[in-house]
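>
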Amino acid sequence: MINFDDKHTFYLVPKESLDELIQAVRDLKRLQEEIGKGANSEALGDYIPEDRAMELLGRGKTWFFNRRKSGELPGKKAAGRWYYKIADIQKYIENGRTI
Numbered sequence: 024m025i026n027f028d029d030k031h032t033f034y035l036v037p038k039e040s041l042d043e044l045i046q047a048v049r050d051l052k053r054l055q056e057e058i059g060k061g062a063n064s065e066a067l068g069d070y071i072p073e074d075r076a077m078e079l080l081g082r083g084k085t086w087f088f089n090r091r092k093s094g095e096l097p098g099k100k101a102a103g104r105w106y107y108k109i110a111d112i113q114k115y116i117e118n119g120r121t122i
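Residues in the sequence shown are numbered from 24 upward in steps of one, following the working numbering.
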């Protein structure tokens, strides 16, 4: 069994495999950039990014953190950013507090 945790060991890899790995990393980076660009858009399907929700409700990051923690306003985290369902934000605006 090979121990890949050893930082002082070198492995021989066929060039074709290395090229495939490099291409896969490039593809992942490109996809990550595309996702990042999409995260800056107004809305992602049924979700909006936290910064847009902050504008809509006139609240800051701490307020959103406290609402997530209490379960009052559920959110999802993806790629290091928080997102909220548009319907939940609308309900919060309509009902004042409860979703």
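The C-beta atom is built at its ideal place from N, Cα and C for all residues, glycine as well.
The structure displayed is predicted, hence computed values, not measured ones.
Where Leu79 and Tyr106 are concerned, what is the direct C-alpha to C-alpha distance, given to the nearest angstrom?
Using only the alpha carbons, I get a separation of about 13 Å.
> Between Gly98 and the rest of its own chain, which residues show a CB-CB distance below 6 Å, the 5 nearest in sequence each way excluded?
Hits under 6 Å: Arg91, Trp105, Tyr107.
> Give the single residue among Ala102, Ala110, Tyr34 whose Cα lies nearest to the Cα of Ala76.
Closest option to Ala76, Cα to Cα, is Ala110.
> Can you give me the C-alpha to C-alpha distance between Phe33 and Gly103, rounded to a whole angstrom?
Each residue's alpha carbon lies about 33 Å from the other.
> Where Thr85 and Lys38 are concerned, what is the direct C-alpha to C-alpha distance, given to the nearest angstrom?
Going by the C-alpha atoms only, they are around 50 Å apart.
> Could you tell me the distance, in whole angstroms, from the CA atom of Lys114 to the CA atom of Leu44?
Using only the alpha carbons, I get a separation of about 46 Å.
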